[in-house]
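Protein chains: 2
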Amino acid sequence: MNDEQTLVPPTERGGTLHNEILPQLRAFVVEGNVPDGGRIPERELCEMLGVSRTPLREALKVLASEGLIELLPNRGARVKALSAVEIAELFDLMAGLEALAGRLACEKMTAEQFDRIEELHRSMYLHYLRGDRPGYFSDNQEIHSALFAAADNQPLFETARSLQDRLRRVRYAANLGENGERWKEAVREHELLLDALRRRASGDAAEILFNHLRRTKAAVIAYDSGN
Amino acid sequence: MNDEQTLVPPTERGGTLHNEILPQLRAFVVEGNVPDGGRIPERELCEMLGVSRTPLREALKVLASEGLIELLPNRGARVKALSAVEIAELFDLMAGLEALAGRLACEKMTAEQFDRIEELHRSMYLHYLRGDRPGYFSDNQEIHSALFAAADNQPLFETARSLQDRLRRVRYAANLGENGERWKEAVREHELLLDALRRRASGDAAEILFNHLRRTKAAVIAYDSGN
DNA sequence: GTAGCAAAAAATGAATTCAAATAACCTTCA
DNA sequence: TGAAGGTTATTTGAATTCATTTTTTGCTAC
Chain A
4 MNDEQTLVPP TERGGTLHNE ILPQLRAFVV EGNVPDGGRI PERELCEMLG
54 VSRTPLREAL KVLASEGLIE LLPNRGARVK ALSAVEIAEL FDLMAGLEAL
104 AGRLACEKMT AEQFDRIEEL HRSMYLHYLR GDRPGYFSDN QEIHSALFAA
154 ADNQPLFETA RSLQDRLRRV RYAANLGENG ERWKEAVREH ELLLDALRRR
204 ASGDAAEILF NHLRRTKAAV IAYDSGN
Chain B
4 MNDEQTLVPP TERGGTLHNE ILPQLRAFVV EGNVPDGGRI PERELCEMLG
54 VSRTPLREAL KVLASEGLIE LLPNRGARVK ALSAVEIAEL FDLMAGLEAL
104 AGRLACEKMT AEQFDRIEEL HRSMYLHYLR GDRPGYFSDN QEIHSALFAA
154 ADNQPLFETA RSLQDRLRRV RYAANLGENG ERWKEAVREH ELLLDALRRR
204 ASGDAAEILF NHLRRTKAAV IAYDSGN
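First to last, the sequence lines map onto chains A and B.
The numbering of the first sequence is the working numbering, which starts it at 4 and goes up by one.
The numbering of the second sequence is the working numbering, which starts it at 4 and goes up by one.
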């Protein structure tokens, strides 16, 4: 029935069709190709991914369990629109996870991993001085990624990735809306973090990261409500 | 084809078959009805739940994404057996989540919620004095549940529940194996926690809970490796 | 012109069907 | 007796089919 070529070469298959399309579908949603609360007809997705409805629906169930989409009985899938309360809750959770990552990183990271974070920090600071927000944002993301990598905890990493996916859209919006004062404050917080990491002060790192995310949350809420 | 009655009355349907069987299937796995690494033939589960393979497989995919089971391509589902490293990682994550719950509870809990926790604490202490481990364990679980409820954060609650499911088996084993010294220590930690909650000292509560879970982890690892 | 209802069209939920891969079994030969 | 190979049976992966629900469309009545 399906003569079209799949977009993914058959060489790099992930075992099952379901495992193949899940990352693609997740990326499609996270990337923001569908408006908030927008409906996603199964038929279109099937054609897009070149699979039948069975594996597609399995993937949708997984995305729903991750909180990325909503599955209303008999009424299809919608991308989950986040209320202000939900955004706040997700940020608090993210703050807790970052705090944990900071703690574990202090305990477990290698000298090389610290050096890498320090280097990223310097690069990010330069972007800040130049007023280069995209560059700053990119380095910032990488620092947090490096932190989770240094924490060396797979379940933590997975949980954080999932949360990150759910927050990506609003997070990006927040970055754009970030005002100069908050930006300056964020840079200062990053300096404190680097110092705590250097001293392997796990409690301090946790506290700094928690409050850092808390303030980011406040900035996002302020920006988001002023829509 | 299927004339048998479903075990669940049709009155309390969850909209779709998938939503109906997912909790049942999860309970079945968590309860420990299948040995570690044991295979789960789809056919049997279908008969047990009274559904066809389609909704069952959707549910299995979700359980796999929750980390409760493993889905090997063309080789079916197995309950995920946890290595010592994985157990340690899950406990560290749980410690971070409990710490967060403590923090948020300090910020948000009502007087009634605190009173309830205090009451549970008293009950638990009595069980401790009597040497009633099951009673202690039960109250202990309820205290932690009450803590997460007081934290009032849905994503946190969900994440913790999922983790709890993954750890339930080993956690129960740990409780049985817990020695007297560790038990005494745990009770002391709970007293400190209650005090921190009373003072609404979020940082203290977080620190106490984190270390509490860390020590539980150590006890579990010690017990588990001595199998 | 609009509100309400009916019928048709479309989309979803789930069982069945078909194909491919794995596992079990049985024969054969050393 | 035991191992190797091939054949059958079982199990899984995925497409198709069928039934049910929702949504849309169009008609009628007011």
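Ideal Cβ placement from N, Cα and C applies to all residues, glycine included.
Item                                                                                                                                                                        : Value
Who are the near neighbours of Leu63/A in its chain, counting only those whose CB is closer than 6 Å to its CB and skipping five residues on each side?                     : Ala80
Following the continuous alpha helix (DSSP H) through Val37/A, name the residue where it begins and the one where it ends.                                                  : Note, Val37/A: premise wrong, no alpha helix (DSSP H); not H, not E.
Given that a residue counts as buried once 16 or more other Cβ atoms are within 10 Å of its Cβ, and exposed if not, what is Val88/A?                                        : exposed
Around the Cβ of Asn143/A, are there at least 16 other Cβ atoms within 10 angstroms (buried) or fewer (exposed)?                                                            : buried
Rounded to whole angstroms, what's the CA-CA distance from Leu159/A to Ala91/B? Just pull it up for me.                                                                     : 12 Å
Would DSSP call Arg46/A helix, strand or coil?                                                                                                                              : helix
Tell me which same chain residues have a C-beta within less than 8 Å of the C-beta of Pro38/A, skipping the five on either side of it?                                      : Val82
I need the boundaries of the alpha helix (DSSP H) containing Val82/A, first residue and last residue.                                                                       : Segment 79-82 is the beta strand (DSSP E) holding Val82/A; no alpha helix (DSSP H) there.
When you compare the CB positions of Glu61/B and Glu61/A, do they come within less than 9 Å of one another, or not?                                                         : yes
So, is the C-beta of Ser141/B closer than 9 Å to a C-beta in chain A?                                                                                                       : no
Quick check: Gly35/B and Ser165/B, are their CB atoms within less than 9 Å of each other?                                                                                   : no
Can you name, in chain order, every residue of its own chain whose Cβ lies under 7 Å from the Cβ of Gly138/B, other than the five neighbours on each side?                  : His130
Starting from the N-terminal side, write out each stretch of the alpha helix (DSSP H) that is 4 residues or longer and does not extend beyond the region 73-158 of chain A. : 87-111, 114-133, 136-154
Determine which residues of the region 17-48 of chain B have a Cβ less than 9 Å from any Cβ of chain A, and write them out in chain order.                                  : Gly17, Gly18, Thr19, His21, Asn22, Leu25
Can you pull the chain A residues whose beta carbon is under 8 Å from the beta carbon of Asp95/B, in chain order?                                                           : Leu103, Leu107, Asn156, Leu159
Take the Cβ of Lys187/A as the centre, count every other Cβ of all protein chains shown within 10 Å, and call the residue buried at 16 or more, exposed below.              : exposed
Give me the residue from Val65/B, Gln27/B, Leu132/B, Ala67/B with the minimum Cα distance to Gly53/B.                                                                       : Gln27/B
Alpha carbon to alpha carbon, how far is Asn182/B from Leu216/A? Give it in angstroms, no decimals.                                                                         : 39 Å
So, are the CB atoms of Ala102/A and Ala208/A less than 9 Å apart?                                                                                                          : yes
Which chain B residues are close to Leu100/A, counting only those with a beta carbon under 7 Å from its beta carbon?                                                        : Gly99
Counting only beta-carbon separations shorter than 9 Å, does Thr219/A have a partner in chain B?                                                                            : no
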